[in-house]
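*Asks:* Dropping a structure here in structure tokens format, bear with me for questions.
Numbering (full-length UniProt numbering), first residue to last: 1 to 424.
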């Protein structure tokens, strides 16, 4: 092979670049066709403008290659500015990142095949075509990196925007307002809801450090998708997450099952939640009342981790959960001291009292439930009577103690104090 002068090599390279420029539209159209045939998310996409959108992206990238070739220099980040816009559109078109990058590789392979075809038609350009590989590699390296970065940035932007839209929509629904803004109506449709939907509302708080909001939302989103074709509406407000889920079964059992699975999944990751679930309501106009129900059910757990449907509460539990500060002030001081002291210790007396009540005031049956000797149960009950001044053989006195325990439980958990006899 005879070495050509450098000026001749540059001339042939520029000639190759001109041939590439002339073929850009046809090659881009071919690349778009291949991508839409070979990549499933492109092939099955509902967006009628996707193919032309892909062809436009290919034209931009191929033009970048032709300029690099003509100028004999590798492309810079500025040469791929349009790639970020295309990445944003692919996110909105539901194209996964892996498929987006696969499409980019298919386009580059199509471009390289076109260069080889030009070299076959113009034998004097074969050396220039071979040398152009380094520029194609530069386009692949720079373009794919910027494409991935642009995709991830666009994805984060849309997620943040969706979170804001969901929060705004939840605020509207809790205030009893009908969504009128276009973006909120779109969010409602995306969640699989409409004004007449049968819904269940959930209210939850994370105990401890609470973990990542993203992890919680992802788990709850999977919970929504587990029982319906859409995941429902989920938003965080002041540390509380609120979920509005379609209850297509009409009784909310599917929502309860799915949220329980989400609770267990998060607990396995060290994230503890306290979740309350409303009864079923017909129409989004019932969301404010459903939310109040969900909060009541959550409060019945007294900040303990768990999932509590409102329907599981007895009338007694419901009334106690709604107790106000006045009711707490009416508790006998001796009873208050007993409850608060036992909570500060190991609540062994409270557990014994509750077991005794569930056993219909039968101490021996309570002992069996607690796996202790009968004399131990009798001793504990005597101590409770001594400290509170109550007669545990009388139903009214036992009920009075149980009411005090229920009313003081949330306060005792939120304001723990040292066990009696210990330094603070």
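Glycine included, every Cβ here is placed at the ideal spot set by N, Cα and C.
Thinking C-beta only, is residue 277 closer than 7 Å to residue 256?
*Replies:* Yes, they are a contact pair.
*Asks:* Quick one: is residue 108 buried, meaning 16 or more other Cβ sit within 10 Å of its Cβ, or exposed?
*Replies:* Counting Cβ neighbours within 10 Å, residue 108 comes out buried, since at least 16 surround it.
*Asks:* How about the segment 119-138 and the segment 79-88: do they share at least three Cβ pairs that are nearer than 8 Å?
*Replies:* Judged by Cβ distances under 8 Å, the segment 119-138 makes no contact with the segment 79-88, as fewer than three pairs qualify.
*Asks:* What did DSSP end up calling residue 240 once you bin it into helix, strand or coil?
*Replies:* In the structure shown, residue 240 sits in a strand (DSSP, three-state: E or B).
*Asks:* What's the C-alpha gap between residue 8 and residue 138?
*Replies:* Near 23 Å, if we compare the C-alpha coordinates of residue 138 and residue 8.
*Asks:* Taking the alpha carbon of residue 30 as the reference point, which residue from 55, 46, 18 and 91 has its own alpha carbon closest?
*Replies:* Measuring from the Cα of residue 30, the nearest candidate turns out to be 55.
*Asks:* Just checking, does the segment 346-355 make contact with the segment 310-326 on the three C-beta pairs under 8 Å criterion?
*Replies:* Not touching, per the Cβ criterion.
*Asks:* Please confirm whether residue 200 and residue 280 have their CB atoms less than 7 Å apart.
*Replies:* Yes, they are a contact pair.
*Asks:* For the alpha helix (DSSP H) containing residue 203, list its first residue and its last residue.
*Replies:* That residue, residue 203, is in no alpha helix (DSSP H); its beta strand (DSSP E) goes 198-206.
*Asks:* Buried or exposed: where does residue 48 fall if 16 or more other Cβ atoms within 10 Å of its Cβ makes it buried?
*Replies:* Residue 48 is exposed by the Cβ-count criterion.
*Asks:* Assign residue 313 to one of three DSSP states: helix, strand, or coil.
*Replies:* Three-state DSSP puts residue 313 in coil, outside helix and strand.
*Asks:* Span of the beta strand (DSSP E) holding residue 274?
*Replies:* Residue 274 -> beta strand (DSSP E) spans 273-277.
*Asks:* Residue 338 and residue 387 - do their beta-carbons sit closer together than 7 Å?
*Replies:* For residue 387 and residue 338, yes; Cβs fall inside 7 Å.
*Asks:* Rounded to whole angstroms, how far is the Cβ of residue 151 from the Cβ of residue 97, which I believe are closer than 8 Å?
*Replies:* About 5 Å; that satisfies the 8 Å criterion.
*Asks:* How many angstroms separate the CA atom of residue 245 from the CA atom of residue 269?
*Replies:* So the two alpha carbons sit approximately 24 Å from each other.
*Asks:* Between which residues of its own chain and residue 37 is the CB-CB distance below 8 Å, once the five residues before and five after are set aside?
*Replies:* Closer than 8 Å at Cβ, skipping near neighbours: 43.
*Asks:* What residues are listed by DSSP as bridge partners for residue 381?
*Replies:* Bridge partners of residue 381: none, in fact.
*Asks:* Can you list, in chain order, the residues of its chain whose CB lies under 7 Å from that of residue 381, leaving out five sequence neighbours each side?
*Replies:* Closer than 7 Å at the Cβ level, and outside the excluded window around residue 381, lie 352, 356, 363 and 392.
*Asks:* Taking the alpha-carbon of residue 286 as reference, which of 122, 120 and 176 has the nearest alpha-carbon?
*Replies:* Nearest option by C-alpha distance: 176.
*Asks:* Is the Cβ-Cβ distance between residue 83 and residue 147 less than 7 Å?
*Replies:* Yes; because the gap between Cβ atoms is below 7 Å, this pair is in contact.
*Asks:* Quick one: measure Cβ to Cβ for residue 234 and residue 291, integer angstroms, because I've assumed they're closer than 8 Å.
*Replies:* Not a contact, Cβ separation roughly 13 Å.
*Asks:* Check the DSSP bridge columns for residue 235 and list the partner residues they point to.
*Replies:* According to DSSP, residue 235 bridges with 242.
*Asks:* Inspect the beta-carbon positions of residue 219 and residue 265 and report whether they are closer than 7 Å.
*Replies:* It is a contact, given that the beta carbons lie within the stated cut-off.
*Asks:* Quick test of your reading: residue 259 and residue 305, contact by CB under 8 Å. State the CB separation rounded to the nearest angstrom.
*Replies:* Incorrect: roughly 13 Å between the Cβ atoms, too far for contact.
*Asks:* Going by DSSP in three states, residue 430 sits in which element: helix, strand or coil?
*Replies:* What is shown of the chain runs 1 to 424, which leaves residue 430 out entirely.
*Asks:* Does DSSP classify residue 306 as helix, strand or coil?
*Replies:* Strand.
*Asks:* Are there 16 or more other CB atoms within 10 angstroms of the CB of residue 197, so buried, or fewer, so exposed?
*Replies:* Result: buried.
*Asks:* Going by beta carbon distance, what residues of the same chain come within less than 8 Å of residue 228, once the five residues before and after it are set aside?
*Replies:* A caution first: residue 228 carries a pLDDT of 47, below 50, which makes its placement in the model unreliable, though a value can still be read off. Taken in chain order, the residues that qualify are 192, 245, 246, 248 and 254.
*Asks:* Cα separation between residue 179 and residue 170?
*Replies:* Rounded to the nearest angstrom, the two C-alpha atoms are 10 Å apart.
*Asks:* I need the straight-line Cα distance from residue 28 to residue 215, nearest angstrom please.
*Replies:* Residue 28 and residue 215: Cα-Cα distance of roughly 40 Å.
*Asks:* So the candidates are 261, 346, 336 and 111; which of them puts its Cα closest to the Cα of residue 59?
*Replies:* Comparing Cα positions, the closest option is 111.
*Asks:* From the DSSP output, in three-state form, read off residue 259 for me.
*Replies:* Looking at residue 259 - three-state DSSP - the assignment turns out to be helix.
*Asks:* For the alpha helix (DSSP H) that residue 358 lies in, which residues bound it at each end?
*Replies:* 348-358 is the extent of the alpha helix (DSSP H) around residue 358.
*Asks:* Residues in its own chain within less than 6 Å of residue 400 by CB, not counting five upstream and five downstream?
*Replies:* So the list is empty, once near-sequence residues are dropped.
*Asks:* Could I get the ranges of all uninterrupted alpha helix (DSSP H) runs contained in the segment 24-79, with 4 residues as the minimum, in chain order?
*Replies:* If we require 4 residues or more, the alpha helix (DSSP H) runs fully inside the segment 24-79 come out as 40-43 and 50-71.
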